[in-house]
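Chemist:
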Amino acid sequence: MLNIQKLVENKSAVFSLVGRLDTVTAPELEQSLKETMPELTDLTLDFAGLEYISSAGLRVLLAAQKVMNKQGSMRIKNVAETIMEIFEVTGFSDILTIV
Numbered sequence: 257m258l259n260i261q262k263l264v265e266n267k268s269a270v271f272s273l274v275g276r277l278d279t280v281t282a283p284e285l286e287q288s289l290k291e292t293m294p295e296l297t298d299l300t301l302d303f304a305g306l307e308y309i310s311s312a313g314l315r316v317l318l319a320a321q322k323v324m325n326k327q328g329s330m331r332i333k334n335v336a337e338t339i340m341e342i343f344e345v346t347g348f349s350d351i352l353t354i355v
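For what it's worth, my numbering labels the leading residue of the sequence shown as 257, then goes sequentially.
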């Protein structure tokens, strides 16, 4: 289960994720991002409540990063140690901006 809270102001958005970003929930995040990103220049993903991420979740992050590289910036904050390990092992820590 994944709970997505979205706060959009002007051309900035913060997506706060709570739960698991996996094969079942990744399409929900992907759809929400696709609806919001065309107008954005600044995207922040808050992982304070994220417990788990699968390869499906990583794919959504990579797609979002590619879009935001063209139109602005994307950063991920409040990453738990277990998720940070996944980012490091997969090389995503070199691709994503993690603050």
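The C-beta atom is built at its ideal place from N, Cα and C for all residues, glycine as well.
(1) So, at 6 angstroms on beta carbons, what are the nonlocal neighbours of L289 in its own chain, with the 5 sequence-adjacent residues on each side left out?
(2) Output the residue ranges of the beta strand (DSSP E) runs that lie fully inside the stretch 265-306 and measure 3 residues or longer, sorted by chain position.
(3) Looking only at its own chain, which residues have a Cβ that is under 8 angstroms from the Cβ of L277, when we skip the five neighbours before and after it?
(4) For M293, I'd like the list of residues in its chain whose CB is within less than 6 angstroms of its CB, leaving aside the five on either flank, ordered along the chain.
(5) For the beta strand (DSSP E) holding I332, just list the boundary residues, first then last.
(6) May I ask you to report which of helix, strand or coil DSSP gives L352?
(7) On the CB-based measure, 16 or more other CB atoms within 10 Å of its CB, does A282 come out buried or exposed?
(8) Sorted by chain position, which residues of the same chain lie with C-beta nearer than 8 angstroms to S349's C-beta, five sequence neighbours on each side aside?
Modeler: For this structure:
(1) The residue labelled residue 289 in the question sits at position 33 within the sequence shown. Correct list, in chain order: A320.
(2) 268-277, all fully within the stretch 265-306.
(3) Within the sequence shown, the letter at position 21 stands for residue 277. Counting only Cβ-Cβ distances below 8 angstroms, and skipping sequence neighbours, we find L258, L285, L306, Y308, I309, S310, A312, G313 and V316.
(4) Here residue 293 refers to the residue found at position 37 when the sequence shown is read from its first residue. Excluding residues within five positions, the ones whose Cβ falls inside 6 angstroms are V323.
(5) Here the question's residue 332 lines up with position 76 in the sequence shown. That run of the beta strand (DSSP E) goes S329 to K333.
(6) Along the sequence shown, one-based indexing puts residue 352 at 96. Assigned with DSSP and collapsed to three states, L352 falls in coil, not helix or strand.
(7) In the sequence shown, residue 282 corresponds to position 26, counting from 1. Around the beta-carbon of A282, 16 or more other beta-carbon atoms lie within 10 Å, marking it buried.
(8) Here the question's residue 349 lines up with position 93 in the sequence shown. The beta carbon of S349 sits closer than 8 angstroms to those of M340 and F343, all from its chain and outside the five residues before and after it, given in chain order.
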